[in-house]
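Trainee: Position 271, counted from 1, in the sequence shown is what this note's numbering calls 255; the numbers after and before it change by one each time, with no gaps.
The structure is given below, and queries will be raised subsequently.
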Amino acid sequence: TIGKYAARQGLRVVMGSNGTLITEEMAAKLKDVPLARLGVSLDFPIARLQDDFRGQAGAFAAAVAGIAHARQAGIEIQINSTITRRNVGYLDELLALAIELGAVAFHPFMLVPTGRGKGLESVELSPEEYEKTLNWIYDKQMDLGDRIFFKPTDVPHYMRVMKQRQKQSGQLKSETTAGQRPMHTVTRGCLAGTGFCFISYQGEVKGCGFLDVVAGSVKKASFSQIWSDSPLFCQLRDLSNLKGKCGVCEYKRICGGCRARAYEASGDCLEAEPYCLYEPTLPARDLARIDG
């Protein structure tokens, strides 16, 4: 299988699933890969709401059973939730459920309106709602400490929010608290084409699964060649290429804005992140130092 091949190459294998088909037998097979972590999508903490959202009666119960089977097999569990206006009010309960189910990580995914997400624009959070939610997440991280790895995903400007909050609290860069530890390994917001990429089932290489711009094909060139030499990836790695307010933002080295959202909104993946409220204040001389 692809998983076993990846494991033989020394890669840490993880998989995303809705959890409903993870029987005891399937969990044992996944452990044999070996699968290090299983990400299970749960968008509501209430069975009726999850079933309605998935369009399948019993979806919630089946996912919870799948999680139990995976844990019994010794596979780590990560809970993933796509956050919209429909379920943002349940974030606290989703976090509590993730802890109750024994998950090692809870990742609220902020909706990127591409692919299947295009049909959900009407329930997408506004920039103001994003800001409020990200500040709530920061507060929760401080409270949780090491109980669970809690990180918002697909929202690079959380790195900016985190730095602003740390500055407001007078926390020095060298200081640490229990609540900070879950984010210590996260060094930058958008990793598309810089520390991460996506390979489709057709062999197309993209910056991420949401950024619908092809960097190359593994059918035509080696992955290492695409990763090193793709014009798209080279552009994404040079922060001086960023446009709009992202291009003049003092936080662009740790944030970078969501390149997929920029592409969806403007047709240019180097344009400004459309869901960030922040207005940059850095003097031009300091910006030149960042770009240099």
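Where a beta carbon is used, it is the ideal one built from N, C-alpha and C, also for glycine.
When the Cα atoms are used, what is the spatial distance from K116 to G73?
Mentor: Translated into the one-based positions of the sequence shown, residue 116 becomes position 132. Translated into the one-based positions of the sequence shown, residue 73 becomes position 89. Rounded to whole angstroms, K116 to G73 spans 12 Å at the Cα level.
Trainee: According to the Cβ coordinates, are R(-4) and A20 closer than 8 Å?
Mentor: Taking the first residue of the sequence shown as 1, we reach residue -4 at position 12. Taking the first residue of the sequence shown as 1, we reach residue 20 at position 36. Closer than 8 Å, so yes.
Trainee: I51 and G3 look like a contact to me (Cβ under 8 Å); what is the Cβ gap, rounded to whole Å?
Mentor: Here residue 51 is taken as the residue at index 67 of the sequence shown, counted from 1. Here residue 3 is taken as the residue at index 19 of the sequence shown, counted from 1. Between I51 and G3 the beta-carbon gap is near 6 Å, inside 8 Å, which marks them as a contact.
Trainee: Can you tell which of I67, S106, G86 has its C-alpha closest to the C-alpha of Q56?
Mentor: Taking the sequence shown and counting its residues from 1, the one referred to as residue 56 is at position 72. For the residues I67, S106, G86, the minimum Cα distance to Q56 belongs to G86.
Trainee: Would you list the one or two residues that DSSP bridges to T66?
Mentor: Within the sequence shown, residue 66 is the residue found at index 82, counting from 1. Paired residue(s): F93.
Trainee: For G187 and chain C, any beta-carbon pair shorter than 8 Å?
Mentor: Reference to chain C is not applicable here, since this structure consists of a single protein chain.
Trainee: The beta strand (DSSP E) that contains R21, what's its start and end?
Mentor: Within the sequence shown, the letter at position 37 stands for residue 21. Element bounds for R21: 21 to 25.
Trainee: So within the segment 219 to 266, which uninterrupted alpha helix (DSSP H) runs reach at least 4 residues, ignoring any that extend past its ends?
Mentor: 228 to 231, 243 to 250
Trainee: Contact defined as beta carbons within less than 8 Å: I believe L254 pairs with L226. What is the distance between those atoms, to the nearest angstrom?
Mentor: Working through the sequence shown from its first residue, we reach residue 254 at position 270. Working through the sequence shown from its first residue, we reach residue 226 at position 242. Right, the Cβ-Cβ distance comes to about 6 Å (below 8 Å), so this counts as a contact.
Trainee: With the cut-off set at 8 Å, would you say P29 and L261 are in Cβ contact?
Mentor: Residue 29 sits at position 45 when you count from the first residue of the sequence shown. Residue 261 sits at position 277 when you count from the first residue of the sequence shown. Contact flag unset, no.
Trainee: Taking the continuous alpha helix (DSSP H) assigned at A45, which residues delimit it?
Mentor: Translated into the one-based positions of the sequence shown, residue 45 becomes position 61. Element bounds for A45: 43 to 56.
Trainee: What whole-angstrom Cβ distance do P136 and L118 have, given they're in contact under 8 Å?
Mentor: The count along the sequence shown starts at 1 and reaches residue 136 at position 152. The count along the sequence shown starts at 1 and reaches residue 118 at position 134. Rounded, the Cβ-Cβ distance is 6 Å, consistent with contact.
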